[in-house]
Every structure is written in C-alpha cells, then in structure tokens.
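**Q** Residue numbers (this note's numbering): 56 to 170.
Where a beta carbon is used, it is the ideal one built from N, C-alpha and C, also for glycine.
Computed from a predicted model, the values in this text were never measured in an experiment.
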C-alpha cells in the first residue's frame with residue numbers, strides 16, 4: 056500500500072485493516088509518485104490536504120503501471136471537490152464525516168486487488 060500523507064502514520068481508522076500489510080508512506084508527493092510508478096502497490100491512499108489530490112490522482116492514472124491501482128482519497132472537504140477528484144480517477148473519496156467507511160472500503164479494495 057502506498058500512503059501519501061503529511062503524517063506518515065496510517066490513519067487510525069485504517070490501522071486494523073492494514074495490519075500485516077506492508078505500507079510505504081510518502082511525505083513527499085513527488086518521491087512517492089516516482090516510487091509507486093516504479094513499483095505499483097495494491098492500493099494507494101491519499102490524505103488531503105497533504106497534496107493536491109486532483110493533480111496527484113491524475114498523475115497516477117496517466118502512468119501505465121498505476122493506471123488501474125485503486126486510489127482512496129481521504130478527507131475531501133466538500134461534495135463538489137470530491138466529485139472533481141473522482142472525475143480525475145479516484146476509486147473512492149471519503150470525507151471526514153465518513154471515517155467509519157474507511158476500514159470496510161480498504162478491506163474490500165485489498166481483497167479485490169489480491170485476487
């Protein structure tokens with residue numbers, strides 16, 4: 056799992072689901088992008104407002120190795136912004152109010168990706 060976040064710790068809501076899963080955290084979006092393109096993970100998590108999630112999702116989707124990797128953007132601030140991020144190619148966008156949905160969504164995506 057590739058995690059793009061200001062704090063490189065796994066979000067508390069996701070810790071149980073990701074337990075036992077290798078998580079590479081990137082505090083620098085450019086270094087993280089280079090790494091996930093070179094070695095695509097099963098799943099990418101982006102915590103906004105760490106980076107411009109629209110631009111990061113677009114860059115991830117433009118690369119052939121990561122074009123189909125599920126991307127979860129966590130902490131979008133509004134429905135219109137979430138829609139823009141989804142149009143760029145995010146798999147799910149979860150707002151702060153939807154923290155409870157994070158763990159089940161991650162579990163579902165990891166299960167699908169590992170098949």
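#1: Measuring alpha carbon to alpha carbon, tell me which of 132, 91, 138 and 81 ends up nearest residue 116.
#2: On the DSSP bridge assignment, give the partners of residue 59 in chain order.
#3: In whole angstroms, give me the CA-to-CA distance for residue 83 and residue 170.
#4: How would you write the range of the beta strand (DSSP E) that residue 148 sits in, first residue to last?
#5: Check whether the Cβ atoms of residue 164 and residue 125 lie closer than 7 Å to each other.
#6: Can you round the beta-carbon distance between residue 145 and residue 128 to whole angstroms, since I take them to be within the 8 Å contact cut?
#7: Compute the beta-carbon to beta-carbon distance between residue 89 and residue 60, rounded to the nearest angstrom, for a pair I have assumed lies under 8 Å.
#8: If you reduce the DSSP assignment to three classes, tell me which class residue 124 lands in.
#9: Straight-line CA distance for residue 141 to residue 86?
#10: Ignore the nearest five residues each way along the sequence and tell me which others in residue 72's own chain have a CB closer than 6 Å to its CB.
**A** Checking against the coordinates, here is how it stands:
#1: To locate residue 116, count along the chain shown from 1; it is residue 61. When each option's Cα is compared against that of residue 116, the closest is 91.
#2: Here residue 59 is taken as the residue at index 4 of the chain shown, counted from 1. Looking at the DSSP assignment, residue 59 forms a beta bridge with 81 and 101.
#3: What you label residue 83 is simply residue 28 of the chain shown in a count that begins at 1. What you label residue 170 is simply residue 115 of the chain shown in a count that begins at 1. So the alpha carbons of these two residues sit roughly 30 Å apart.
#4: Taking the first residue of the chain shown as position 1, residue 148 is located at position 93. First-last of the beta strand (DSSP E) with residue 148: 147-150.
#5: Residue mapping note: residue 164 aligns to position 109 of the chain shown, counting from 1. Residue mapping note: residue 125 aligns to position 70 of the chain shown, counting from 1. Yes, the pair counts as a contact, with Cβ atoms nearer than the cut-off.
#6: Here residue 145 refers to the residue found at position 90 when the chain shown is read from its first residue. Here residue 128 refers to the residue found at position 73 when the chain shown is read from its first residue. That belief holds up - the Cβ atoms of residue 145 and residue 128 are roughly 5 Å apart, short of 8 Å.
#7: For the purposes of this step, residue 89 is taken as the residue at position 34 of the chain shown. For the purposes of this step, residue 60 is taken as the residue at position 5 of the chain shown. Incorrect: roughly 17 Å between the Cβ atoms, too far for contact.
#8: The residue given as residue 124 occupies position 69 in the chain shown. It is coil, neither helix nor strand.
#9: The residue labelled residue 141 in the question sits at position 86 within the chain shown. The residue labelled residue 86 in the question sits at position 31 within the chain shown. Taking the straight line from one Cα to the other gives about 23 Å.
#10: Here residue 72 corresponds to residue number 17 of the chain shown, with the count starting at 1. Answer for residue 72: 158, 161 and 162, listed in chain order.
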